[in-house]
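Going by the numbering used here, the first residue of the sequence shown is number 3, and it counts up by one from there. Glycine residues also receive a C-beta, built at the ideal position from the N, C-alpha and C atoms. Presented below is the structure to which this report refers.
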Amino acid sequence: MRAAAKRVCGPLDTRFAGSLSAASDNRACFRNAVARAMRTVESGASNIAAVTSN
């Protein structure tokens, strides 16, 4: 998930992002992408648990 988020959001390091603002935006994108992916995984896991317990 983290590797995919880095690929989608761009460089997290200021030296590679080109500016402090771009790096900050990329880090925010990265945090949101990872959090969203984790929520998706967690909701999928709860759906699987509900199906298997029936």
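How would you label ALA6, buried or exposed, when you count the other beta carbons within 10 angstroms and need 16 or more for buried? Locating residue 6 in the sequence shown gives position 4, where the first residue counts as 1. Answer is exposed; the Cβ neighbour count stays below 16.
Beta-carbon proximity list for ASN56, same chain, < 7 Å, skipping 5 on both sides: Here residue 56 refers to the residue found at position 54 when the sequence shown is read from its first residue. Annotation note: pLDDT 47 at ASN56 (below 50); position unreliable, no value reported.
Report the three-state DSSP secondary structure of ASP15 (helix, strand or coil). Start at 1 with the first residue of the sequence shown, and residue 15 comes out as number 13. For ASP15, the secondary structure class from DSSP, reduced to helix, strand or coil, is coil.
Run through DSSP, which three-state label would MET3 get? Here residue 3 is taken as the residue at index 1 of the sequence shown, counted from 1. If DSSP states are grouped into helix, strand and coil, MET3 belongs with coil.
Mind reading off the beta-carbon distance from ALA25 to LEU14? Whole number of angstroms is fine, and I expect it under 8 Å. Here residue 25 is taken as the residue at index 23 of the sequence shown, counted from 1. Here residue 14 is taken as the residue at index 12 of the sequence shown, counted from 1. Right, their Cβ atoms sit about 6 Å apart.
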